[in-house]
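For reference, the structure discussed in these notes is given below.
Residue numbers (our numbering): 924 to 1227.
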């Protein structure tokens, strides 16, 4: 009986198995192993989760920084618009809505704004009841206006009436409806003197020349003048007026000189908001028997 060799089935083996065998790979690395094991899949999912968590945290920080930047820009824009309004109208706006700029922060909250009383008064000439701001332990008086955003925590921790409290960022407060929160308000304010100097100009005495006088003759009434403010009050702070002459609180020099000579004296003017300026002036008084006119007095340019 003739026997035939048993046929092989290499022609039926998968290409992957042949390739693996040819390279001496383990037997289990054949075409039957085509995916990850459960353990490997679990590790991959954990790594993906960690990466996703890190990415989410980074994104959250970026969004918070963007909102803080937008909020600061909104507050700064409103602040500059207030100054521009005062420069044009010589009065503070009674409401932010009249400015024509964005009046909310990045958290869609209205900006808080308050001014001294009387609201809408001429800042150059009308004194008022000014605000106070306790800025991290330093009390600031004569504040014309305050502007703020409540920040990310949506709570006004600075206050809604004078004196306002500006705290160090991160200071924990307990007055918010949400409970204890870190202070994060964005605050801007300005004192009345700085505001008036910007909108109305520096206060200074513009009188530089005073007419001469003559002994025994009524002195030609002289009205001192100043610029940059209003509601002036005058007084003499140094030197000597010619005997017989006096300076009134409304800036009028009058009287009848009794002694010849040249007299130098310092005057001060105080405006309605408390700013002051000084200048040295002089008056020449001629003798009664001179028979002719003499020279006038001169004064320096007055300033604060």
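For each residue, glycine too, the CB sits at the ideal point set by N, CA and C.
Keep in mind that this is a model prediction, so the values were computed, not measured.
{"query": "Determine whether the beta carbon atoms of residue 1030 and residue 1070 lie at a separation below 8 Å.", "result": "no"}
{"query": "Starting from the C-beta of residue 1118, find all residues in its chain whose C-beta is less than 7 Å away, skip the five residues before and the five after it, and write them out in chain order.", "result": "1009, 1046 and 1067"}
{"query": "Residues in the same chain with beta-carbon distance under 7 Å from residue 1146, minus the five sequence neighbours each way, listed in chain order, please.", "result": "1174 and 1175"}
{"query": "So, does the stretch 1011 to 1019 touch the stretch 1090 to 1104, judging by three or more C-beta pairs under 8 Å?", "result": "no"}
{"query": "Looking at C-alpha atoms only, which residue of 983, 981 and 1028 is the closest neighbour of residue 1002?", "result": "1028"}
{"query": "Please report how far the alpha carbon of residue 1190 lies from the alpha carbon of residue 1057, in whole angstroms.", "result": "35 Å"}
{"query": "By how many angstroms is the C-alpha of residue 1004 removed from the C-alpha of residue 1086?", "result": "24 Å"}
{"query": "Going by beta-carbon coordinates alone, are residue 1162 and residue 1187 separated by less than 8 Å?", "result": "yes"}
{"query": "Cα-Cα, which of 1128, 1185 and 1179 is closest to residue 1200?", "result": "1128"}
{"query": "Note down, in chain order, each residue of its chain lying with its Cβ closer than 7 Å to the Cβ of residue 1183, except the 5 sequence neighbours on either side.", "result": "1138, 1208, 1209 and 1210"}
{"query": "Compute the distance between the beta-carbons of residue 1049 and residue 1197, then report whether it is under 8 Å.", "result": "no"}
{"query": "Helix, strand or coil: how does DSSP classify residue 1135 here?", "result": "coil"}
{"query": "Can residue 1151 and residue 1123 be called in contact, C-beta distance under 8 Å?", "result": "yes"}
{"query": "Would residue 1080 be called buried (16 or more neighbouring beta carbons within 10 Å of its own) or exposed?", "result": "buried"}
{"query": "With DSSP collapsed to three states, give me the class of residue 1010.", "result": "helix"}
{"query": "Taking only the alpha-carbon atoms, compute the straight-line gap between residue 993 and residue 986 and give it to the nearest angstrom.", "result": "11 Å"}
{"query": "If distances are taken between C-alpha atoms only, which option among 1109, 1104 and 1115 comes closest to residue 1044?", "result": "1115"}
{"query": "Could you work out which residue in 1075, 1170 and 1041 is closest to residue 1032 when comparing CA atoms only?", "result": "1075"}
{"query": "Determine which residues share a DSSP beta bridge with residue 1028 and list them.", "result": "Note: residue 1028 sits in no beta bridge, so no partner."}
{"query": "Just to confirm the assignment: which complete beta strand (DSSP E) runs, minimum length 3, are found wholly within the stretch 1023 to 1101?", "result": "1035 to 1038, 1054 to 1058, 1061 to 1072, 1087 to 1089 and 1095 to 1099"}
{"query": "Report the option in 1077, 1111 and 962 whose CA atom is closest to the CA atom of residue 1101.", "result": "1077"}
{"query": "Whole angstroms are fine: how far does the CA of residue 1125 sit from the CA of residue 1192?", "result": "12 Å"}
{"query": "On the criterion of 16 or more Cβ atoms from any shown chain inside 10 Å, does residue 999 qualify as buried, or is it exposed?", "result": "exposed"}
{"query": "Here's the rule I'm using: 16 or more other beta-carbon atoms within 10 Å means buried, otherwise exposed. How should residue 1143 be labelled?", "result": "exposed"}
{"query": "How about residue 1158 and residue 1169: do their beta carbons lie closer than 8 Å?", "result": "no"}
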